[in-house]
Amino acid sequence: MGIYSLSYKNLRRNWWRNTSTVLRIAFGVIVLLILVSSGIGINTFLGENQTAGGTSISNANANTGASNALNAINNYVNSILGAELSNSQIINGIRSILRNIISFIDLMASIVFLVGIFGITYAMDLNLLERKREIGILKSLGFTELQIMLSLLLEASLLGFIGAMIGTILVIIGITVLSNIIQIELFSIVMPLWLPLGAVFITSALSALIALWSVWYNTKQDPMEALRI
Amino acid sequence: MNDAIIEFRDVWKTYGKEKTEINALKGINFSLKKNSVNLILGPSGSGKTTLLNIASLMDTPTKGMVKIKGRSTPGLSKAQRSRIRMNEIGIIYQRSNLFPYLNILENTMLPMISPDKNRALELLKNMEITEINKFPQELSIEEQQRAALARAMINDPSLILADEPTGELDSGDTDIILELIKDIGHRTIILIVSNNSDLVKYADNLFFIKNGKLEKN
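Which chain is which? The protein sequence lines are W and F, in order. Per the working numbering: the first sequence = residues 1 to 229. Per the working numbering: the second sequence = residues 230 to 446.
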């Protein structure tokens, strides 16, 4: 029984609050992964991401399905506009629209990410506010400020890790199920291996990072003051 | 050879500056040797807790010197003071300060430097606590205080400090805790600060503190 085991014991204690935080993080990770995967899928479609696999608009001529779709779009646009646009002009037009969509998706992903980050900050602030006295007790027992800080940061990163794991697993299951039910050939949601691993790692690390100020501030408080609470 | 476990030499503690300056401790001198129960009696606001905070190295004196087992403590970093506290000092307070989400065994083992379940079980047995898997809130206040005493003893400290250890107990429970404290004090050294004069009968050495000045009885 050391100070670091307090991290997961504390997660169990504030069950409802921590569950709600974990679910918010999971939701954030789900939205983020879907948005990023869609972005990668569109990039792949535009032929700007060769590593992820999937159908590319650049290879439309070599791909019968894509070529047929492109011809159909071309015919439809020309009939509506009464114009004589070539396939390459249509491709450039689609590229321009999709690039704007990617920018929008990036913006949305950043907002979702920020909301998730503020969720963790809020949860850790509340957790620590209640635990000023406990920090004082730990100091009186002889634990150093560094040990207490590391224990609290571990707790924050555990919140992020659990949330990210839940979110990632749900997204992988969702994408697998959906791709089996709805088989879309041209627009695909691409999930390279680095994406879920990166999401879990970055969320855990960022959770600790954003809790750093709050943890540092509360750990530096006068223990005698804390013990009087 | 000076075999004092703790020594205060002309210790002053001042809060505030100039017009708002308050001297909580005014030139405290004492040294305590092994195997004794030492009681500092004084009214509220006399400087008892300030003295105990300095003795536990949680606070530093404005002036003067505190030595623990012959080692001077001024100039030590916070981390060094924490290490001395963990190795050499056990503290109990008016409230047991046990962690509500850890059971009694886990609470006792929390500050253990080298985790040894048997040592914790033995200590709890000595304190007559059998329900080691229960959480603090499931025990009486007196049982919680006994568990806090076991936790304070877990690293076999040279010095036990007690700040009003019976403040929340009724007279029957007070006697149980003080008998235990007396027994422990005769194997190590205990410094109690309190405003309860009933504790005098358990003390080997008695001091009085008033307005920041200490006098030996």
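Ideal Cβ placement from N, Cα and C applies to all residues, glycine included. Since this is a predicted model, take the numbers as computed values, not measurements.
Problem - Local conformation of residue 279 (chain F) per DSSP, three classes - result: Translated into positions along the second sequence, residue 279 (chain F) becomes position 50. Helix, per DSSP.
Handout entry: First and last residue of the uninterrupted alpha helix (DSSP H) at residue 370 (chain F)
Key = Residue mapping note: residue 370 (chain F) aligns to position 141 of the second sequence, counting from 1. Here the alpha helix (DSSP H) through residue 370 (chain F) covers 370 to 382.
Handout entry: Under 8 Å from the C-beta of residue 315 (chain F): neighbouring residues of chain W
Key = Taking the second sequence and counting its residues from 1, one reaches residue 315 (chain F) at position 86. Within chain W, the residues near residue 315 (chain F) are 141, 142, 143.
Exercise for the section: State the Cα-Cα distance for the pair residue 105 (chain W) and residue 195 (chain W), rounded to the nearest angstrom. Expected result: Within the first sequence, numbered from 1, the residue matching residue 105 (chain W) stands at position 105. Within the first sequence, numbered from 1, the residue matching residue 195 (chain W) stands at position 195. Rounded to the nearest angstrom, the two C-alpha atoms are 16 Å apart.
Exercise for the section: Enumerate, from N- to C-terminal direction, the unbroken beta strand (DSSP E) stretches of 3 or more residues contained entirely within the region 382 to 437 of chain F. Expected result: 388 to 392, 418 to 423
Exercise for the section: Check distances from the C-beta atoms of the region 124 to 139 of chain W to those of chain F and list, in chain order, the residues that come in under 9 Å. Expected result: 133, 134, 136, 137, 138, 139
Practice task
Taking only beta-carbon positions, decide if residue 162 (chain W) is within less than 9 Å of chain F.
Solution key: For this step, residue 162 (chain W) is matched to residue 162 along the first sequence. Not an interface residue.
Exercise for the section: Measuring alpha carbon to alpha carbon, tell me which of W:214, W:175, W:217, W:9 ends up nearest residue 339 (chain F). Expected result: Counted from its first residue, the second sequence places residue 339 (chain F) at position 110. Comparing Cα positions, the closest option is W:9.
Exercise for the section: Rank F:307, F:298, F:411, F:394 by C-alpha distance to the C-alpha of residue 320 (chain F) and give the top, closest one. Expected result: Position 91 of the second sequence, counting from 1, holds the residue named residue 320 (chain F). Per the Cα distances, F:394.
Exercise for the section: Please look up how many angstroms separate the CB atoms of residue 326 (chain F) and residue 364 (chain F), rounded, as I've assumed it's under 8 Å. Expected result: Within the second sequence, the letter at position 97 stands for residue 326 (chain F). Within the second sequence, the letter at position 135 stands for residue 364 (chain F). With 8 Å as the limit, residue 326 (chain F) and residue 364 (chain F) do not qualify as a contact, their Cβ atoms being about 14 Å apart.
Exercise for the section: May I have the straight-line CA-CA distance separating residue 262 (chain F) from residue 19 (chain W), to the nearest angstrom? Expected result: Taking the first residue of the second sequence as 1, we reach residue 262 (chain F) at position 33. Taking the first residue of the first sequence as 1, we reach residue 19 (chain W) at position 19. Cα to Cα, the separation comes out at about 52 Å.
Handout entry: Backbone CA spacing between residue 311 (chain F) and residue 144 (chain W) [nearest angstrom]
Key = Looking up residue 311 (chain F) in the second sequence gives position 82. Looking up residue 144 (chain W) in the first sequence gives position 144. Their Cα atoms are separated by approximately 6 Å.
Practice task
Return helix, strand or coil for residue 243 (chain F), following the three-state DSSP convention.
Solution key: To locate residue 243 (chain F), count along the second sequence from 1; it is residue 14. Looking at residue 243 (chain F) - three-state DSSP - the assignment turns out to be strand.
Exercise for the section: For residue 193 (chain W), count neighbouring Cβ atoms within 10 angstroms of its own Cβ and tell me buried if that reaches 16, exposed if not. Expected result: Within the first sequence, residue 193 (chain W) is the residue found at index 193, counting from 1. The residue is exposed, with fewer than 16 neighbouring Cβ atoms inside 10 Å.
Problem - Assumed close pair residue 69 (chain W), residue 153 (chain W) - CB separation to whole angstroms, cut-off 8 Å - result: In the first sequence, the residue the question calls residue 69 (chain W) occupies position 69. In the first sequence, the residue the question calls residue 153 (chain W) occupies position 153. The Cβ separation is near 51 Å, so there is no contact.
Practice task
Give a yes or no on whether the minimum CB-CB distance between residue 320 (chain F) and chain W is below 9 Å.
Solution key: Here residue 320 (chain F) refers to the residue found at position 91 when the second sequence is read from its first residue. Yes, because at least one Cβ of chain W sits closer than 9 Å to the Cβ of residue 320 (chain F).
Problem - Cutoff 9 Å: residue 158 (chain W) Cβ touching any chain F Cβ - result: What you label residue 158 (chain W) is simply residue 158 of the first sequence in a count that begins at 1. Not one chain F Cβ lies under 9 Å of residue 158 (chain W).
Handout entry: Residue from F:428, F:438, F:444, F:380 whose Cα sits closest to the Cα of residue 405 (chain F)
Key = By 1-based counting over the second sequence, the position of residue 405 (chain F) is 176. Measuring from the Cα of residue 405 (chain F), the nearest candidate turns out to be F:428.
Problem - Selected residue, minimal CA-CA separation from residue 141 (chain W), among F:370, F:382, F:374, F:300 - result: Here the question's residue 141 (chain W) lines up with position 141 in the first sequence. Answer by Cα proximity: F:382.
Handout entry: Beta-carbon proximity of residue 371 (chain F) to residue 398 (chain F), cut-off 9 Å
Key = Indexing the second sequence from 1 puts residue 371 (chain F) at position 142. Indexing the second sequence from 1 puts residue 398 (chain F) at position 169. Contact flag set, yes.
Exercise for the section: Return the CA-CA distance between residue 110 (chain W) and residue 23 (chain W), expressed in angstroms with no decimal places. Expected result: Translated into positions along the first sequence, residue 110 (chain W) becomes position 110. Translated into positions along the first sequence, residue 23 (chain W) becomes position 23. Rounded to whole angstroms, residue 110 (chain W) to residue 23 (chain W) spans 18 Å at the Cα level.
Practice task
Out of F:253, F:260, F:284, state which residue places its alpha-carbon closest to the alpha-carbon of residue 272 (chain F).
Solution key: Here residue 272 (chain F) refers to the residue found at position 43 when the second sequence is read from its first residue. Out of F:253, F:260, F:284, F:253 has the C-alpha closest to the C-alpha of residue 272 (chain F).
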